[in-house]
Amino acid sequence: MNIGDHDSNLNTPDSAMGFSPIGNEENRFTGKFDGNEYRIYNLYINRKSQDYIGLFGYSESQSEISNVVLIDCFIEGNYYVGGLVGNNRSEITNCSISGIVSGNNSVGGLLGRNEENVIFSQFSGTVFGENNYTGGFVGNNANGFIRKSFSKGNAFGKTNTGGFAGSSIGIIHDCYSNVNTSGTVTVGGFIGYFEGTVFNGYSNKSVSGDDKVGGFFGIFKGTSGGCYFDKDKAGLQNNDNFGARAKTTFEMQDQGSYNGWDFENTWYMDYSHNYNDHYPYFRYTDLLSDINEYKKSNLHILNVFPNPVNDILNFKYENSFPITKIEIYSTEGKKLLDITKDKVNSINVKHLKSGSYFIKVKIGDRDRFSNFIKR
4 MNIGDHDSNL NTPDSAMGFS PIGNEENRFT GKFDGNEYRI YNLYINRKSQ
54 DYIGLFGYSE SQSEISNVVL IDCFIEGNYY VGGLVGNNRS EITNCSISGI
104 VSGNNSVGGL LGRNEENVIF SQFSGTVFGE NNYTGGFVGN NANGFIRKSF
154 SKGNAFGKTN TGGFAGSSIG IIHDCYSNVN TSGTVTVGGF IGYFEGTVFN
204 GYSNKSVSGD DKVGGFFGIF KGTSGGCYFD KDKAGLQNND NFGARAKTTF
254 EMQDQGSYNG WDFENTWYMD YSHNYNDHYP YFRYTDLLSD INEYKKSNLH
304 ILNVFPNPVN DILNFKYENS FPITKIEIYS TEGKKLLDIT KDKVNSINVK
354 HLKSGSYFIK VKIGDRDRFS NFIKR
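Letter by letter, the sequence shown follows residues 4 to 378 of my numbering.
The structure is reproduced here in structure tokens:
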């Protein structure tokens, strides 16, 4: 099965909830899906009361998903929510998701819950989890094996929150997290709750929480090796984190700090350019280059700033079409603001309570989504 470049259309009989996921608990996806790296723009799923939500809701063993690219998606569900798959038992290869993913339990940028092999995949965006198991890449890695993959952006959760995985009892090898991570209890820059195996990984963004908070692991009960976190970026008073080593930003940007890592075949550090802020990244480049060129074009990127914001929220969209409609939603899905004008460049959000919000704008005939934090 394959698909072409696509823009989701909300003008359907089921438009209030958007796209209906492929596969569910009763009728699971069992085939082979090759997206051929065609881009799916602006996928919209708003099914807050439903479980198993993503482009694929529930995939079964011996199925395969490869070369899928989702750009600027907005996906919301209840339990088992992921940008690509809600509950995954498929072999996944070379998939890239960017956007906003939100849910209640087992919520991840790419996968809500994972039980299979995943390689060469990435998520870039923001993940919101209202309860348990929230991760920048995967909410709950249950006996899955994830390799050569990464997450970038923000992850906001409650219990068991991680920049890469909210919880993992599986295997994670050669992965990294560039995710600002925030939760309440059991929060890690890479993994919140850990009982599995992880080798050769790093975290290099801020980490915050109330109890059991670590730069790499929130709770460590597994086996690890070659794991590092940037203590300057983590912003923690206590940098002790059993199972991982704290390094300064200077050390994290030095190849010599990564003892035992394979910089000939797997990892790469480019000192002459500012790619990935001089931190290690992967040598596979085809899909990454394609996505990065798209990002650089700014033709479909909605920027909101400052973020976090106190009062005036500004918009930047490098396109000839004006922004004509703005809607703001709470993380519970309640519409709080609806403005329609000939052209909108900024709005005053001073009246909003402190917290996280989703924003939807109309640009030409397309909807674009982003998120912001009100101080």
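Glycine is no exception: its CB is placed at the ideal position from the N, C-alpha and C atoms.
Collapsed DSSP secondary structure at residue i in the structure displayed
{"i": "T252", "result": "helix"}
{"i": "K236", "result": "helix"}
{"i": "D177", "result": "strand"}
{"i": "G199", "result": "coil"}
{"i": "S260", "result": "helix"}
{"i": "Y332", "result": "strand"}
{"i": "D314", "result": "coil"}
{"i": "D273", "result": "coil"}
{"i": "Y278", "result": "helix"}
{"i": "T187", "result": "coil"}
{"i": "K353", "result": "coil"}
{"i": "Y320", "result": "coil"}
{"i": "T343", "result": "strand"}
{"i": "G166", "result": "coil"}
{"i": "K161", "result": "coil"}
{"i": "K208", "result": "coil"}
{"i": "G218", "result": "coil"}
Local Cβ density within 10 Å of residue i, reported as buried at 16 or more and exposed below that
{"i": "Y274", "result": "exposed"}
{"i": "N146", "result": "exposed"}
{"i": "S292", "result": "Unreliable positioning characterises S292 in this predicted model, as indicated by a pLDDT of 46, which lies under 50. A coordinate reading is not provided."}
{"i": "R378", "result": "exposed"}
{"i": "K250", "result": "buried"}
{"i": "T137", "result": "buried"}
{"i": "Y278", "result": "exposed"}
{"i": "F253", "result": "exposed"}
{"i": "S300", "result": "Because the pLDDT of S300 is 41, which lies under 50, any placement of that residue in the model is unreliable, and the number read from its coordinates should be weighed accordingly. S300 comes out exposed."}
{"i": "H303", "result": "Since pLDDT at H303 reaches only 47, below the 50 mark, its modelled position is unreliable, and no value is offered."}
{"i": "P24", "result": "buried"}
{"i": "I329", "result": "buried"}
{"i": "Q258", "result": "exposed"}
{"i": "I342", "result": "exposed"}
{"i": "N203", "result": "buried"}
{"i": "F140", "result": "buried"}
{"i": "F22", "result": "buried"}
{"i": "Q53", "result": "buried"}
Selection from the options that minimises the alpha carbon distance to residue i
{"i": "S124", "options": "K344, R286, H354, G221", "result": "R286"}
{"i": "S64", "options": "F361, I43, V121, F22", "result": "V121"}
{"i": "E28", "options": "V88, N244, D368", "result": "V88"}
{"i": "R116", "options": "T129, I149, K224", "result": "I149"}
{"i": "G86", "options": "F197, Y44, L114", "result": "L114"}
{"i": "F197", "options": "G229, F245, F159", "result": "F245"}
{"i": "S171", "options": "G229, N157, G186, S109", "result": "S109"}
{"i": "G57", "options": "Y44, N70, G26", "result": "G26"}
{"i": "V130", "options": "N241, Y83, I174", "result": "Y83"}
{"i": "N144", "options": "R92, I366, N207, G212", "result": "R92"}
Alpha-carbon spacing of residue i relative to residue j, whole angstroms
{"i": "V190", "j": "D345", "result": "44 Å"}
{"i": "V210", "j": "T164", "result": "10 Å"}
{"i": "G38", "j": "E94", "result": "14 Å"}
{"i": "S62", "j": "Y55", "result": "10 Å"}
{"i": "A247", "j": "F232", "result": "7 Å"}
{"i": "I193", "j": "E119", "result": "Looking at the sequence itself, residue 193 is Phe, so the reference to Ile does not match. Answer to the nearest angstrom: the Cα atoms are 19 Å apart."}
{"i": "F361", "j": "I331", "result": "6 Å"}
{"i": "F372", "j": "D214", "result": "32 Å"}
{"i": "G358", "j": "I376", "result": "6 Å"}
{"i": "P311", "j": "N268", "result": "39 Å"}
{"i": "Y41", "j": "K353", "result": "40 Å"}
{"i": "G60", "j": "I78", "result": "11 Å"}
{"i": "Y271", "j": "D368", "result": "41 Å"}
{"i": "C230", "j": "S180", "result": "11 Å"}
{"i": "G106", "j": "N81", "result": "5 Å"}
Secondary structure, beta strand (DSSP E): runs of 3+ residues fully inside the stretch 49-122 = 59-61, 67-69, 72-79, 82-85, 88-91, 94-96, 99-106, 108-111, 114-117, 120-122
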